[in-house]
Structure formats: structure tokens, C-alpha cells
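Below is one structure; the comments refer to it alone.
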Amino acid sequence: MVGSRKVVVSALLVLSVALVLAVLLLPPSASAAVAANRKVSICIKNCGQCKKMYTDYFNGGLCGDFCLQTEGRFIPDCNRPDILIPFFLQRLE
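For reference, each letter of the sequence shown is one residue, going -22 to -1, 1 to 71 in mature numbering (1 follows the signal peptide of the UniProt record, and there is no 0).
Structure representation (C-alpha cells):
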């Protein structure tokens, strides 16, 4: 019983060391890609929020496409409609 316990502890130690090495040796580009994906996700969520606020007057699809094209560098702020002008629909009523 004691021998099998040592084997389990040794295996866990090896796995822990391998995990630490994998995290330390992870290429920085992978973490940059994760950050870029997070920015795009936030951007698209904000587009959805603006669509809820401005309903049919806001082109959410165009806003989402812009998020993908700019890789999330521009995050729309629904409280500042002056920066959202390109995404408002021209409605004649």
C-alpha cells in the first residue's frame, strides 16, 4: 500500500512539473492571441448592447463586422453616440 502511494505521489509530482514547464514555455504569441480574442468578444458584446439600446436605428451587424476587421481595437461605447455614427441607419420617416 505504501509503495503504490509513492508511485501516485511521484506521478503527481511529474505532472505538476510538466504543467509548470508547459505554462512557462508557452509562446507569448499564444497569450497575445487570447487577449485579441477577448477584445473582439468584448467589442461584439458591446455592439449587441448598443443594438438593444438603439433598436432598429443601429446596424449591429455592421458594428460586429467592424469588430472583426479591427480585431477589437475599437470598442464601441453605447453612451457616446457620436462615435457610433457610422453604425446608425439612415431612416427616412
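Glycine is no exception: its CB is placed at the ideal position from the N, C-alpha and C atoms. As the structure is a computational prediction, the values presented were derived from the model and not from experiment.
Coil, strand or helix - residue i by DSSP
i        : result
Phe52    : coil
Leu70    : Only weak support is given to the placement of Leu70: the predicted model assigns it a pLDDT of 47, under 50, and the value that follows is read from those uncertain coordinates. Three-state result, Leu70: coil.
Val(-15) : helix
Beta-carbon proximity of residue i to residue j, cut-off 9 angstroms
i     : j     : result
Ile20 : Ile63 : no
Cβ-based neighbour list, residue i, same chain, cut-off 7 angstroms, excluding 5 preceding and 5 following
i        : result
Gly50    : Ala14, Lys17, Val18, Ile20, Cys21
Val(-15) : none
Neighbourhood of residue i by C-beta distance below 6 angstroms, restricted to the same chain and skipping five residues each side
i     : result
Asn37 : Phe65, Leu67
Cys45 : Val18, Cys21, Ile22
Same chain, Cβ closer than 8 angstroms to residue i, neighbours up to 5 away in sequence not counted
i     : result
Gln27 : Cys56
Next item on the list: Note down, one range per segment and in chain order, each alpha helix (DSSP H) of at least 4 residues found wholly within the segment 5 to 32.
Entry: If we require 4 residues or more, the alpha helix (DSSP H) runs fully inside the segment 5 to 32 come out as 6 to 32.
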